[in-house]
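Quick notes on the structure that follows.
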Amino acid sequence: MPDDPYKTLGLTKQATADDIKKAYRKLVRTSHPDLHPDDPAAEARFKAIASAHDLLKDPATRARFDAGEIDAAGTERPQRQYYRDFADAPDNAYQQSRGYGANPDPADIFAEILRKRGRQQGAQGQGFAAPGQDMRFTLEVGFLEAALGDEARITLPDGQTLGVKIPQGTADGQTLRLRGKGGPGYGGGPAGDALITVTLRPHPLFRRNGDDIEVTLPITIAEAVLGGKVTAPTIDGPVGLTIPAGASSGRILRLRGRGVGRAGSTAKGDQRVELRIVLSPEQDTALHDFLAKHQGTFDPRKDLLKGATP
């Protein structure tokens, strides 16, 4: 008879579902038979771990085991007739298939593949073949490098370096997958993947909003009043921008097609330029005298306080 599934996983009956999952994943990684070729009991131990997890991962099956209704192998214990009548009822919650559910755990699928393969190959003495582990890395890149695309390198734990292509339009927090660049496979299985999460260094001028680029552009009072043509920065380099006469601070001008592109697509976002009127740090006496004489009657706050007081 199989051992107590709790003891097999190194747990107590008070273990939570998360405790069970963590213990199982840890044991799967360390107990694979290919990691212990000189241990004849390794295969049986690995199967026992998978069997214990199968029983405890399902809350209903676990409850039946805890209640003594089934043994560690999942076999029904002798029951009285009235209980069998209840158990055979169509609305009994225990009469359910033990599928993976809507969100299968990759570790469950992994173990099931190994068990099926073991049943098919065990009689012939062949070993298990399983994929290697995925390896996770974090890579910091510059704002422009991510927007325009670039290449970078990461250093692996063994000291080797790995080239990484940064596609144009890569967003902050995006994960890149390099297939076959992870841990080695077991028993001739394929290597795992390298999963690289990209973080972006902030840029002093540019901000990103989806595929659009945002930038704040300082202008003078004269440029705001009279309008004119100025040079504005973009991620592709400086371009000319026309300031309309009478522009106010906070006005947004759009440079179409000057935003971020996407790998495999010709479409690009826009650049949104927010105008900000900036005064000279040195007092301009002539401007001061002119404005003192020509204040006019325009009051931009005349409607601001309407409804603000009871």
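Each residue of the sequence shown is one higher than the one before, counting from 138 in this note's numbering.
Glycine included, each C-beta is placed from N, C-alpha and C at the ideal position.
### Extent of the continuous beta strand (DSSP E) run through Val-397
From DSSP, Val-397 is part of no beta strand (DSSP E); its letter is neither H nor E.
### Segment contact, 8 Å Cβ cut-off, at least three pairs: the stretch 269 to 281 with the stretch 317 to 330
yes
### Message
When you compare the CB positions of Leu-146 and Ala-187, do they come within less than 7 Å of one another, or not?
### Response
Not in contact: Leu-146 and Ala-187 (Cβ atoms no closer than 7 Å).
### Task
Can you say whether Val-362 is buried or exposed, counting buried as having 16 or more other CB atoms within 10 angstroms of its CB?
exposed
### Task
Compare the beta carbon distance of Ile-380 and Gly-365 with 7 Å and say whether it is the shorter of the two.
yes
### Query
Thinking C-alpha only, which one of Thr-334, Gln-305, Gly-320 is nearest Leu-313?
Thr-334
### Message
Using only CA atoms, which one of Gly-322, Ala-404, Lys-439, Thr-353 lies nearest to Leu-412?
### Response
Thr-353
### Query
Is it the case that the Cβ atoms of Ile-414 and Ile-356 are separated by a distance below 7 Å?
yes
### Message
Give me, in chain order, the residues of the same chain whose beta-carbon lies closer than 7 Å to that of Asp-141; leave out the 5 immediate sequence neighbours on both sides.
### Response
Excluding sequence neighbours, Asp-141 sits near Ala-209.
### From Asp-348, Tyr-143, Gln-311, residue whose alpha carbon lies closest to that of Tyr-161
Tyr-143
### Message
Going residue by residue through the stretch 347 to 374, where are the continuous beta strand (DSSP E) segments of at least 3 residues, counting only ones entirely within it?
### Response
349 to 356, 365 to 369
#### Entry: Helix, strand or coil at Asp-287 [DSSP, three-state]
strand
### Task
Could you tell me which residues DSSP puts in a beta bridge with Phe-274?
Ile-333
### Query
Exposed or buried, which one is His-169 when buried takes at least 16 other CB atoms within 10 Å?
buried
### Thr-198 in three-state terms, based on DSSP
Correct three-state label for Thr-198: helix.
### Query
Cβ of Pro-370 within 7 Å of Cβ of Leu-390?
no
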